[in-house]
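S.K.: Here it is, the structure in full.
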Amino acid sequence: MTFWEHLDELRSVLLRCLAAIVVVACVAFAFREEVFSVVLAPKDEAVRLINTELTSQFVIHVMVSFYVGLLVAAPYLLYEAYRFVAPALYQNERRYATHVVLGGYVMFMMGTAFSYFVVFPITFRFLGNYQVADEVTNMISLQSYIDTLMVLCLLMGVVFEIPVLTWLLGKMGVVNGSLLRKYRRHAIVAIVVVAAIITPTSDAFTLAVVSVPMWLLYEVSIWLAPSPIKGVKGNGKEVKRE
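For the sequence shown, this note's numbering begins at 13 and goes up steadily by one.
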């Protein structure tokens, strides 16, 4: 295809992806009670949420519906993206691209689930019940709750991509198991620092809850990294394609 034909095909892909997101978001908007029963499930029942702006609840409802549409439609979006680039890839490149896309999606969903079921409930219970004095009562806004939930789920989803990224870099010959073992101590320090940054609380228990899975992901990465792609040198330069 010509350059303009590629652009036209890309436009069609983007329109189909947008349509899929909008359709799922509209369904989520229609079933708002069911959706928000899931969104509010990690909340501590002792902590009440408040709304301080006239349009805030409607805007949050639309925003959450869009997030649900994006999350549910993600497999179709990845399929459309893969179908668009696949004709330009060699057979072995298609195989590795498929592994990266599927593995990346599964790991992102696992990270999101871990945040939803473990990290966020612990964080919310700690911060929601924390008081500097008995005279000061927490009044947490719905916007603050949603923002914290979404940010933590997104960050943990990205963190869980570590094994996929390491596997890809290992296949390219950029990293290997020996290198990762050599810098394990440095990696642990970096993991603790990153966990402290993405964790809103400052208690050691929550920090450990986030750090330990990240360390386990690093150990899994050591196991996934050893073998490079056939025909690729250690500097990542391709010598021969299958």
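Cβ coordinates follow ideal geometry from the N, Cα and C atoms, glycine included. None of these values were measured; they are calculated from a predicted model.
Exposed or buried, TYR195, counting other C-beta atoms within 10 Å across all chains shown (16 or more means buried)?
M.R.: Here residue 195 is taken as the residue at index 183 of the sequence shown, counted from 1. Exposed, by the Cβ-count rule.
S.K.: Measuring only the C-alpha atoms, how far is ALA32 from MET75?
M.R.: On the sequence shown, residue 32 is found 20 positions in, with the first residue counted as 1. On the sequence shown, residue 75 is found 63 positions in, with the first residue counted as 1. Straight-line Cα distance between these residues: approximately 16 Å.
S.K.: Going by DSSP, what residue range makes up the alpha helix (DSSP H) through PRO87?
M.R.: Walking along the sequence shown from the start, residue 87 turns up at place 75. First-last of the alpha helix (DSSP H) with PRO87: 86-97.
S.K.: What alpha helix (DSSP H) runs, 4 residues minimum, are completely inside the stretch 26-74?
M.R.: As for any alpha helix (DSSP H) of minimum length 4 sitting wholly inside the stretch 26-74, the runs are 44-51, ordered along the chain.
S.K.: Tell me, please, whether the stretch 78-85 touches the stretch 95-105 by the rule of three or more beta-carbon pairs shorter than 8 Å.
M.R.: Judged by Cβ distances under 8 Å, the stretch 78-85 makes no contact with the stretch 95-105, as fewer than three pairs qualify.
S.K.: Could you name the residues of the same chain whose beta carbon sits closer than 7 Å to that of PRO175, not counting the 5 residues immediately before and after it, in chain order?
M.R.: On the sequence shown, position 163 is the one that residue 175 refers to. Closer than 7 Å at the Cβ level, and outside the excluded window around PRO175, lie MET119, LEU229, VAL232, SER233 and LEU236.
S.K.: Can you give the beta carbon distance from TYR128 to PRO54, rounded, assuming they're within the 8 Å contact cut?
M.R.: Taking the first residue of the sequence shown as 1, we reach residue 128 at position 116. Taking the first residue of the sequence shown as 1, we reach residue 54 at position 42. Right, their Cβ atoms sit about 6 Å apart.
S.K.: Using a Cβ-Cβ cutoff of less than 8 Å, which residues in the same chain neighbour THR149 once the five nearest sequence positions on both sides are dropped?
M.R.: Counting from 1 along the sequence shown, the entry for residue 149 is found at position 137. Excluding positions up to five away in sequence, the list reads GLN143.
S.K.: Report the rounded CA-to-CA distance for THR14 versus VAL25, giving the unit in angstroms.
M.R.: Here residue 14 corresponds to residue number 2 of the sequence shown, with the count starting at 1. Here residue 25 corresponds to residue number 13 of the sequence shown, with the count starting at 1. Whole-angstrom Cα-Cα distance: 17 Å.
S.K.: Reducing DSSP to helix, strand and coil, say where LYS249 ends up.
M.R.: By one-based count along the sequence shown, residue 249 stands at place 237. Residue placement at LYS249 is flagged as unreliable, the pLDDT there being 46, under the threshold of 50; the coordinate-derived value follows with that caveat. Looking at LYS249 - three-state DSSP - the assignment turns out to be coil, as it is neither helix nor strand.
S.K.: Applying the criterion that 16 or more other CB atoms from any shown protein chain within 10 Å of the CB defines a buried residue, is TRP179 buried or exposed?
M.R.: Looking up residue 179 in the sequence shown gives position 167. Taking all protein chains shown into account, TRP179 has 16 or more neighbouring C-beta atoms within 10 Å of its C-beta and is therefore buried.
S.K.: Flag this pair as yes or no: are the beta carbons of ILE134 and VAL221 separated by less than 9 Å?
M.R.: For this step, residue 134 is matched to residue 122 along the sequence shown. For this step, residue 221 is matched to residue 209 along the sequence shown. Taking 9 Å as the Cβ cut-off, ILE134 and VAL221 qualify as a contacting pair.
S.K.: Measuring straight from C-alpha to C-alpha, what distance separates PRO99 and ALA86?
M.R.: For the purposes of this step, residue 99 is taken as residue 87 along the sequence shown, with counting starting at 1. For the purposes of this step, residue 86 is taken as residue 74 along the sequence shown, with counting starting at 1. C-alpha separation (whole angstroms): 21 Å.
S.K.: Would you say the stretch 57-71 touches the stretch 145-162, given that touching needs at least three Cβ pairs under 8 Å?
M.R.: In this structure the stretch 57-71 touches the stretch 145-162; the number of beta carbon pairs closer than 8 Å is three or more.
S.K.: If you compare alpha carbons, which of CYS29, LEU164, PHE126 and SER223 is closest to TYR94?
M.R.: What you label residue 94 is simply residue 82 of the sequence shown in a count that begins at 1. Minimum Cα distance to TYR94 is reached at CYS29.
S.K.: According to the Cβ coordinates, are THR218 and MET168 closer than 9 Å?
M.R.: Numbered from its first residue, the sequence shown carries residue 218 at position 206. Numbered from its first residue, the sequence shown carries residue 168 at position 156. The answer is no: Cβ separation not under 9 Å.
S.K.: Taking the alpha helix (DSSP H) that GLY185 belongs to, which residues open and close that run?
M.R.: Residue 185 sits at position 173 when you count from the first residue of the sequence shown. No alpha helix (DSSP H) holds GLY185; DSSP gives it neither H nor E.
S.K.: Could you pull the DSSP bridge partners for ILE152 from this structure?
M.R.: The count along the sequence shown starts at 1 and reaches residue 152 at position 140. Note: ILE152 sits in a beta bridge opposite LEU61.
S.K.: Hey, quick one: how far does the alpha helix (DSSP H) through VAL130 stretch, first residue to last?
M.R.: Position 118 of the sequence shown holds residue 130. Here VAL130 belongs to no alpha helix (DSSP H), and DSSP marks it neither H nor E.
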